[in-house]
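Asker:
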Amino acid sequence: MSRGDGRVMRGVLAALGERVRLNTRELTAEIYGASLWGYSDEVSTRRALRRLHAQGRVFCLGFDSYGSRVWCLPENAGILTPPWKTKRDALAPPESVMLGELLASSFAAGMARAWNTQRLELE
7 MSRGDGRVMR GVLAALGERV RLNTRELTAE IYGASLWGYS DEVSTRRALR
57 RLHAQGRVFC LGFDSYGSRV WCLPENAGIL TPPWKTKRDA LAPPESVMLG
107 ELLASSFAAG MARAWNTQRL ELE
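Take the position in the sequence shown, starting the count at 1, then add 6; the result is the number in our numbering.
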């Protein structure tokens, strides 16, 4: 029987509550300290994010231009989702599309990476 959320899961939720939107590496740095984390710590953070995502407690916005997934809390997903994209979790299974839609979606994917990389202050 589970004993509840672990230290990393609690750290992920606390960091996303404070900073609104972070990628996986930024979350790892928030939990373990800016210069004290290694690859195994990043793997632990990804594992915690997968479990929290399966429970519906975090929302994946997609990827930034560095190739890291960008995460937020579900209640913030509406304001952080790019305006040209519907509010759909980036890890949800894709729907069937036609070729024209597929070409447009590759452009939209590049735009989403740029959108997720910029760090403008939210009001």
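Even glycine gets a Cβ: it sits at the ideal position worked out from N, Cα and C.
Shortest alpha-carbon distance to R52 belongs to which of Y72, T123 and M15?
Answerer: M15
Asker: Would you mind sorting E32 into buried or exposed? The rule is 16 or more other CB atoms within 10 Å of its CB.
Answerer: buried
Asker: Note the first and the last residue of the continuous alpha helix (DSSP H) segment covering G17.
Answerer: R13 to R25
Asker: Can you tell me whether G62 is buried or exposed? The criterion is at least 16 other CB atoms within 10 Å of its CB, across all chains shown.
Answerer: exposed
Asker: Here's a check: name, in chain order, each residue in its chain whose Cβ is nearer than 6 Å to the Cβ of Y38, leaving out the five neighbours to either side.
Answerer: D47
Asker: Check L79 in the structure and name its three-state DSSP category.
Answerer: coil
Asker: Under DSSP, the alpha helix (DSSP H) around L55 begins and ends at which residues?
Answerer: Y45 to A60
Asker: In or out: G44 buried (at least 16 other Cβ within 10 Å) or exposed?
Answerer: Exposed, by the Cβ-count rule.
Asker: How many angstroms separate the CA atom of N82 from the CA atom of E24?
Answerer: 12 Å
Asker: Please classify L105: does DSSP put it in a helix, a strand, or coil?
Answerer: Reliability of the predicted coordinates at L105 is poor, the pLDDT of 49 falling under 50, and the value obtained from them is presented with this limitation in mind. Reduced to three states, the DSSP call for L105 is helix.
Asker: List the endpoints of the continuous alpha helix (DSSP H) containing L42.
Answerer: Element bounds for L42: n/a, residue is neither H nor E.
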